[in-house]
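Please read the structure below before turning to the comments.
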Amino acid sequence: MGNNNQKKLKRKEMLKNKRIEEQLKDENTIEQINKILLCGTGDSGKSTMIKQMRILYCDGFPSEQVQLYKNAIQKSLRVNMKMLIQNGKSLGIHINDKVNKQLSEEYLTNFPTYKRNGVYCNKEVYTLKQLWHDQSIQTVWKNRSEIQVPENLDYYFNNLEKYCSPNFKPTNEDIVLFRIPTTGIVKINFHSQDTKWEIIDVGGQRSERRKWIHHFQDVNLVFFIIAINEFNKKLYEDQTINRMNESITLCKNILNNKYFKKTDCSLVFTKTDLLKRSLQKTEFKRYYSKYDGENNYEQVSEYIQKLFIKTIKKKNKRQVSSHLICATENNEVEKIINITIRKYLERKPISII
Ligand SMILES: Nc1nc2c(ncn2[C@@H]2O[C@H](COP(=O)(O)OP(=O)(O)O)[C@@H](O)[C@H]2O)c(=O)[nH]1
Ligand SMILES: [Mg+2]
1 MGNNNQKKLK RKEMLKNKRI EEQLKDENTI EQINKILLCG TGDSGKSTMI KQMRILYCDG
61 FPSEQVQLYK NAIQKSLRVN MKMLIQNGKS LGIHINDKVN KQLSEEYLTN FPTYKRNGVY
121 CNKEVYTLKQ LWHDQSIQTV WKNRSEIQVP ENLDYYFNNL EKYCSPNFKP TNEDIVLFRI
181 PTTGIVKINF HSQDTKWEII DVGGQRSERR KWIHHFQDVN LVFFIIAINE FNKKLYEDQT
241 INRMNESITL CKNILNNKYF KKTDCSLVFT KTDLLKRSLQ KTEFKRYYSK YDGENNYEQV
301 SEYIQKLFIK TIKKKNKRQV SSHLICATEN NEVEKIINIT IRKYLERKPI SII
């Protein structure tokens with residue numbers, strides 16, 4: 001009998017231990033999701049980073065997104081040709097070629113009809129192609145820092161027939177290179193180095209920035225995104241303000257915010273490809289008179305990085321890193337995400353899933 005009681009007690013003890021073990025296991029597996037917040041002015045490349053993450057970690061874009069981009073890309077060719085013709089006039093660049101001048105006038109007259117019809121007819125495609133290759137329109141395009149047209153417009157105009165076709169289906173590259181301004185919040189979840197992460201994209205234009213504060217709590221890493229080629233551009237929202245100066249001011253305000261005093265941050269300078277292209281025809285010193293280096297990519301990019309880094313206070317309390325990337329290149333985005341997370345985990349080992 002005594003033996004039986006002992007057996008029962010032992011069994012009860014074993015069951016209790018098992019339950020405790022299972023409970024502990026459950027507690028350890030409660031998901032710890034680490035947060036990366038993307039900040040920066042409009043057009044700096046935040047959503048491009050998110051799109052690359054979607055390609056890397058989430059099997060690309062759902063069909064409704066692909067359809068959205070198809071419509072937006074097609075619409076933009078028509079709208080931006082109108083912009084190039086009209087802005088050319090205000091910049092004093094008039095179409096010299098008689099035939100093309102006539103075509104451009106007809107285009108502006110027919111524009112409302114084309115817009116209403118939506119689909120491209122052969123005549124419109126022919127006109128757009130002629131006008132895009134016109135020397136004066138190309139001069140307007142070369143002076144695009146003076147006007148508000150999308151950065152990668154040439155990519156689409158150089159392959160016009162494809163994009164005007166009703167059968168066109170955007171590739172990942174077509175989507176990455178095209179901008180639809182972000183309103184609201186976009187989040188992507190992913191695993192990296194045995195930890196769970198959430199990356200958050202917010203709209204960057206002035207009207208959108210009020211919403212950022214709601215996402216400042218519990219952020220593990222802040223990525224401040226800067227388009228490094230913006231030194232000669234004006235702000236979309238206010239044509240009197242230089243885009244890079246706006247970005248410097250925002251960087252100072254965001255990264256010295258009380259929520260981020262001890263938060264690791266990465267300055268991510270995008271559009272390195274466009275900076276290289278732009279320095280071939282533009283003097284950096286014309287916009288930053290204190291600069292006394294050479295007008296080459298290495299020295300200019302070094303100088304710009306320093307302008308931003310020096311605005312960040314309390315560098316001893318957190319890790320601050322700086323990266324130069326072409327954000328439209330998938331592997332460059334992947335590389336900096338991996339490096340930054342690795343450095344973060346080395347410093348602050350967190351529970352592994
Ligand atoms: N050529 C080039 N284009 C870029 C780069 N990064 C972003 N873009 C383009 O810049 C535009 C604005 O990017 P987006 O991510 O929407 O900016 P956001 O307003 O900060 O979200 C898009 O057309 C992108 O394709 C880059 O490194 N190189
Ligand atoms: Mg965006």
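The sequence shown begins at 1 in full-length UniProt numbering and counts up by one.
By construction, the Cβ of each residue, glycine as well, lies at the ideal position given by its N, Cα and C atoms.
Model, not experiment: these values are computed from the prediction.
Just to confirm, does residue 326 get its C-beta within under 7 Å of one of the non-hydrogen atoms of ligand 1?
On the sequence shown, residue 326 is found 326 positions in, with the first residue counted as 1. Under cutoff, so the answer is yes.
Can you tell me whether DSSP reads residue 178 as helix, strand or coil?
As a working mapping, residue 178 is identified with position 178 in the sequence shown. Residue state, collapsed to three classes: coil.
Just confirm the distance between the C-beta atoms of residue 382 and residue 54, as a whole number of angstroms; I'd bet it's less than 8 Å.
No statement about residue 382 is possible, as the shown extent of the chain runs from 1 to 353 and does not include it.
Cutting at 8 Å between CB atoms, please list the residues of its own chain near residue 76, excluding the five before and the five after it.
Walking along the sequence shown from the start, residue 76 turns up at place 76. Once the five neighbours on either side are set aside, the close Cβ partners of residue 76 are 150, 153, 156, 178.
Sequence-distant residues of the same chain with beta carbon closer than 7 Å to residue 124, five excluded per side
Walking along the sequence shown from the start, residue 124 turns up at place 124. So the qualifying residues of the chain are 114.
Secondary structure at residue 61, three-state DSSP: helix, strand or coil?
Start at 1 with the first residue of the sequence shown, and residue 61 comes out as number 61. Note: residue 61 maps to coil in three-state DSSP.
Per-residue burial, residue 243 [other beta carbons within 10 Å of its own, 16 or more giving buried]:
Taking the sequence shown and counting its residues from 1, one reaches residue 243 at position 243. Answer is buried; the Cβ neighbour count reaches 16.
Output the distance between the C-alpha atoms of residue 350 and residue 188, rounded to the nearest integer angstrom.
Working through the sequence shown from its first residue, we reach residue 350 at position 350. Working through the sequence shown from its first residue, we reach residue 188 at position 188. Here the model assigns residue 350 a pLDDT of 48, short of 50, so the residue's position is not dependable and the matter cannot be decided.
Taking three-plus beta-carbon pairs below 8 Å as touching, is the stretch 252 to 261 in contact with the stretch 310 to 323?
yes
Provide the residue span of the alpha helix (DSSP H) that contains residue 253, from first to last.
In the sequence shown, the residue the question calls residue 253 occupies position 253. From DSSP, the alpha helix (DSSP H) with residue 253 extends over 243 to 255.
Taking the C-alpha atoms as reference points, what is the distance between residue 274 and residue 101?
Position 274 of the sequence shown holds residue 274. Position 101 of the sequence shown holds residue 101. If you take the alpha carbons of residue 274 and residue 101, they lie about 30 Å apart.
Hey, how far is the Cα of residue 137 from the Cα of residue 199?
In the sequence shown, the residue the question calls residue 137 occupies position 137. In the sequence shown, the residue the question calls residue 199 occupies position 199. Rounded to whole angstroms, residue 137 to residue 199 spans 40 Å at the Cα level.
I need the DSSP call for residue 36, collapsed to helix, strand or coil.
Position 36 of the sequence shown holds residue 36. Three-state DSSP puts residue 36 in a strand.
Nearest-angstrom Cα separation, counted from residue 140 out to residue 159
Translated into the one-based positions of the sequence shown, residue 159 becomes position 159. Translated into the one-based positions of the sequence shown, residue 140 becomes position 140. Answer to the nearest angstrom: the Cα atoms are 19 Å apart.
6 Å CB neighbourhood of residue 278 in its chain, flanking five on each side removed
Indexing the sequence shown from 1 puts residue 278 at position 278. Contacts found: 229.
Simplified DSSP state of residue 234, which is helix, strand or coil
The count along the sequence shown starts at 1 and reaches residue 234 at position 234. Three-state DSSP puts residue 234 in a strand.
Determine the burial state of residue 344: buried for a count of at least 16 other Cβ atoms within 10 Å of its Cβ, exposed for fewer.
Looking up residue 344 in the sequence shown gives position 344. So residue 344 ends up on the buried side.
Which residues bound the beta strand (DSSP E) around residue 283?
As a first step, residue 283 must be located in the sequence shown, where it is residue number 283. It is not in any beta strand (DSSP E) - residue 283 carries neither H nor E in the DSSP assignment.
Please report the straight-line C-alpha distance between residue 206 and residue 225, rounded to a whole angstrom.
Reading the sequence shown from its first residue, position 206 is the one you call residue 206. Reading the sequence shown from its first residue, position 225 is the one you call residue 225. Cα-Cα distance, rounded: 15 Å.
Do residue 78 and ligand 1 come close, with the Cβ less than 7 Å from some heavy atom?
Locating residue 78 in the sequence shown gives position 78, counting from the first residue. Every heavy atom of ligand 1 is 7 Å or more from the Cβ of residue 78, so no.
Could you check the C-alpha separation between residue 353 and residue 34 for me, to the nearest Å?
Taking the first residue of the sequence shown as 1, we reach residue 353 at position 353. Taking the first residue of the sequence shown as 1, we reach residue 34 at position 34. A caution first: residue 353 carries a pLDDT of 36, below 50, which makes its placement in the model unreliable, though a value can still be read off. Answer to the nearest angstrom: the Cα atoms are 12 Å apart.
For residue 265, count the other beta carbons within 10 Å of its own beta carbon; 16 or more makes it buried, fewer makes it exposed. Which is it?
Within the sequence shown, the letter at position 265 stands for residue 265. Burial call: buried.
In terms of residue numbering, what span does the beta strand (DSSP E) encompassing residue 189 cover?
Taking the sequence shown and counting its residues from 1, one reaches residue 189 at position 189. Taken as a continuous stretch (DSSP letters only), the beta strand (DSSP E) holding residue 189 covers 185 to 192.
Just the C-alpha distance for residue 395 and residue 112, rounded to the nearest angstrom, thanks.
Lying before the first or after the last residue shown, residue 395 is absent from the chain, which here runs from 1 to 353.
Under the rule that 16 or more other beta-carbon atoms within 10 Å means buried, what is residue 39, buried or exposed?
Counting from 1 along the sequence shown, the entry for residue 39 is found at position 39. By the neighbour-count rule (16 or more Cβ atoms within 10 Å), residue 39 is buried.
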